[in-house]
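Quick notes on the structure that follows.
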Amino acid sequence: MKGMILKKIKLPTPKEMGVSDTDYLPLRSFSPETKNLCWEDFDDLLKVKYPIRFFLFKTLPEKIKYKIWNRYFVKLYNYIFFNFIKKHHLLDLRQIENDNYIDNYKYGYLPIPDKILYANFNILKQYIDSKPINLRHEFSEYDINLDPVLKHQQYVFDESHEIYFWWENTRKLYIKKLNDLFICYTKEHDKHKKQKLLKNIESVEKNIDDITDDILIRLIKIRKYLF
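FYI, the numbering used here numbers position 152 of the sequence shown as 152, with every residue one higher than the one before it.
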């Protein structure tokens, strides 16, 4: 009974209305050259024959969907979702804690050079965490080297992981060495030994800075391919 009532009040299809052998009509906006019946023509027929039903089942739902739902509710949903749940527009500069207390940044003031450093390597971490494809699991080294596209894709994979390994391991070893030298410097009382330690500290600092700059340049060179 319910189905019969709904069938009587709903809008008929082109086939049910007897104006077409099928319910699949073209859109004139996509096929302007067609001379067959289109959805735009069928809508015009429905407007004339069933004006009230057309308004209730066609015009009104579309107004609600496009003018109210999409304009307000979807916009509100996106605002809440992307501002408070998935904050893609924000970059978290916090660093992973480690036993040596190297780069254990959680909040507060941070110098711009460190912000640039943490921002770039946190973005790289996002890429590594996405588990990019290692082509060596699917192709032989010979096949990879034979195809320029595969070869470059594998190069980006290797380069990104090598850079990240430097950030997470090698760099921390350098900084630990530097921290140990600072401790020795503060504990040393002999003037000549202190001068020697100071030169060593300056040398290690410069070495870390130079390597860091080189690594950042390497990261910038592959940034366009980190999908």
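We treat Cβ as the ideally placed atom computed from N, Cα and C, and that holds for glycine.
The structure displayed is predicted, hence computed values, not measured ones.
What residue range does the alpha helix (DSSP H) around residue i cover?
i	result
P132	Careful: P132 lies outside any alpha helix (DSSP H) and carries neither H nor E.
T212	191 to 222
L27	Run containing L27: none; DSSP gives neither H nor E here.
C184	171 to 187
Y79	74 to 80
Are residue i and residue j touching if we call contact CB-CB under 9 Å?
i	j	result
L216	N200	no
L93	Y105	yes
K35	D23	no
L46	P12	yes
L226	Y118	no
Y122	K172	Looking at the sequence itself, residue 122 is Asn, so the reference to Tyr does not match. Contact flag unset, no.
Out of the options, point me to the one whose CA is closest to residue i's CA.
i	options	result
P51	K10, D213, P14, H189	K10
L178	E159, E202, K196	E202
E141	K131, P132, Y155, Q195	Y155
K176	V204, V74, C38, K75	V204
M17	L37, S31, P32	L37
D158	I183, C184, L124	L124
V19	P26, K191, F42	F42
So residue i and residue j are supposed to be a Cβ contact under 8 Å. How far apart are they, rounded?
i	j	result
I163	L219	5 Å
I211	S160	At roughly 17 Å, the Cβ-Cβ gap does not stay under 8 Å, so I211 and S160 are not in contact.
Do residue i and the ligand PLP come close, with the Cβ less than 8 Å from some heavy atom?
i	result
T34	This structure lacks the ligand PLP, and indeed carries no ligand of any kind.
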